[in-house]
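**Student:** Letter by letter, the sequence shown follows residues 6 to 169 in my numbering.
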Amino acid sequence: MHFHDLQMTTTPLDPDIPSEVPKHFHLFWNVSMHLRQSITSFLRDISSKSRRIIMIHDCLMCYNVQDISSFDNAESYIFNPVISAFGMYCDHIFPHVGLPIPLEQQLLQRLPSSRGWYCDEIMRIASFQVQYIGNSSAGDIHNTSKVMEGTNTFIDLLGIGQNK
Numbered sequence: 006m007h008f009h010d011l012q013m014t015t016t017p018l019d020p021d022i023p024s025e026v027p028k029h030f031h032l033f034w035n036v037s038m039h040l041r042q043s044i045t046s047f048l049r050d051i052s053s054k055s056r057r058i059i060m061i062h063d064c065l066m067c068y069n070v071q072d073i074s075s076f077d078n079a080e081s082y083i084f085n086p087v088i089s090a091f092g093m094y095c096d097h098i099f100p101h102v103g104l105p106i107p108l109e110q111q112l113l114q115r116l117p118s119s120r121g122w123y124c125d126e127i128m129r130i131a132s133f134q135v136q137y138i139g140n141s142s143a144g145d146i147h148n149t150s151k152v153m154e155g156t157n158t159f160i161d162l163l164g165i166g167q168n169k
C-alpha cells in the first residue's frame, strides 16, 4: 500500500458563509474539487509502471476519480466509513431496489428515521458525487463486519441489492 501526495490549489476561506456545516468544511470541499486533474495525472504516471492499480476513496470523491475507468489496469472502490450495512441497506438499497427488509413490521416502525442525519449542504454534495459513481467504482468497502452487524443478513442483502 502506498500513499501519495497531490498538488492542491487552495482558495481562501470566506468567513461570512452562512452554513450549518463548520466553516473549514467549505475550504476542504473547495480544495478537493480541484483534485481531478492531479489524480488523473498521477494515475497516468503509475499505470505505465504498475501491473494493477486499486484506488480506495471516500464516497465524496467520485467526481475526482471518475477518470480511473479510462485505465485498463486500474479500478476504484468507494470506502463507506460511517453507515452500517443495516443503515445502507434500509436507506439506500431498499427504497430503490425494493428488496424486503427482513424485520418484523413492529420493529421497523420503532426504528428512528434517518431524515435529518445530514444537513442540506452535505446532501447537495453527496447528490453531486452520486452521478459519477457508475463511471468509476468497481465496488464498495463498508466499515463493518458480521460481528458488528449482529447478523450476516444485512451484509448479504447489501451485496444482493448493489448487484441489481
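All residues carry an ideal CB built from backbone N, CA and C; glycine is no exception.
1) Going along the chain, which residues of its own chain have a beta-carbon closer than 8 Å to the beta-carbon of S141, five neighbours each way excluded?
2) By how many angstroms is the C-alpha of D21 removed from the C-alpha of R56?
3) In terms of residue numbering, what span does the alpha helix (DSSP H) encompassing D50 cover?
4) Based on the DSSP secondary-structure assignment, which residues constitute the bridge partners of I59?
5) Quick check on the DSSP output: the beta strand (DSSP E) that includes I146 runs from which residue to which?
6) Whose C-alpha, out of N148, D161, M153, is nearest the C-alpha of D63?
7) Please classify M60: is it buried, with 16 or more other beta-carbons within 10 angstroms of its beta-carbon, or exposed?
**Tutor:** If we stick to the structure as given:
1) C67, V70, Q71, D72, I73, S74, S81
2) 48 Å
3) 41-52
4) E80
5) 142-147
6) N148
7) buried
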